[in-house]
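Take a look at the structure set out below.
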Amino acid sequence: MKKLLAGIMIMTTISLADGYTQGDRILDMQKMAQAMQDIQSGLLYNNIDIIKAGTKVLKDTVTNVRPIDAEMNNKDIYEKWLNNNLKMTHKIQKKIRNKAQTLEERFADGDAVQALQDYSKIMGQCMKCHVRLRKW
Ligand code: HEC
């Protein structure tokens with residue numbers, strides 16, 4: 397019984413450790429791009445429900461984003477670079493989640509102009525990672 401439990405625990409650890417592939421990340425990116433489009437529609441059509449649906453997907457999805465397994469498993473100098481990027485990623489994720497929350501609240505309060513500014517700040521965070529990490 398103990399052995400079985402240990403086995404299950406090891407397997408769980410392994411399956412948690414791996415599993416974020418480039419394909420997963422691209423899907424997450426596409427989900428976030430769609431969420432941003434939804435939020436934009438919500439702003440233009442003055443629809444808080446569309447905005448809320450978009451910010452929810454955005455907040456949930458951005459939490460997943462991280463270096464993929466192939467990157468994590470690559471050692472040497474890459475590791476240092478990766479640690480810096482992990483820090484940057486966590487900061488950006490936090491900012492995107494916070495801004496999404498503020499956007500929603502401001503729009504609900506009738507301040508569409510400020511909400512639009514939050515929208516553009518979110519987009520700025522997306523681009524920050526793309527420029528720095530992806531080198532676009
Ligand atoms: C922490 C870094 C990071 C953040 C933050 C980030 N991206 Fe990305 N994005 C990437 C990387 C890396 C790729 C390349 C995906 C790959 O090939 O693994 C990418 C690719 C994309 C793509 C192209 C996907 C495809 O089909 O090829 C879109 C669209 C995209 N991101 C949208 C967004 C949006 C919208 C946001 C903000 C809400 C965002 N990204 C935030 C790192 C990031």
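In our numbering, the protein residues as written are 397 to 532. By construction, the Cβ of each residue, glycine as well, lies at the ideal position given by its N, Cα and C atoms. For clarity, every value in this text was computed on a predicted model and none was experimentally measured.
A Cβ-Cβ separation of about 20 angstroms leaves L529 out of contact with N494 under the 8 angstroms criterion.
For T457, the enclosing alpha helix (DSSP H) starts and ends at I444 to V458.
Annotation for I447 indicates a beta carbon at 6 angstroms or more from all heavy atoms of the ligand HEC. Counting of Cβ neighbours within 10 angstroms places D434 among the buried residues, the total reaching 16 or more. The beta carbons of Q521 and I492 sit closer together than 7 angstroms. When DSSP states are grouped into helix, strand and coil, V527 belongs to the helix group.
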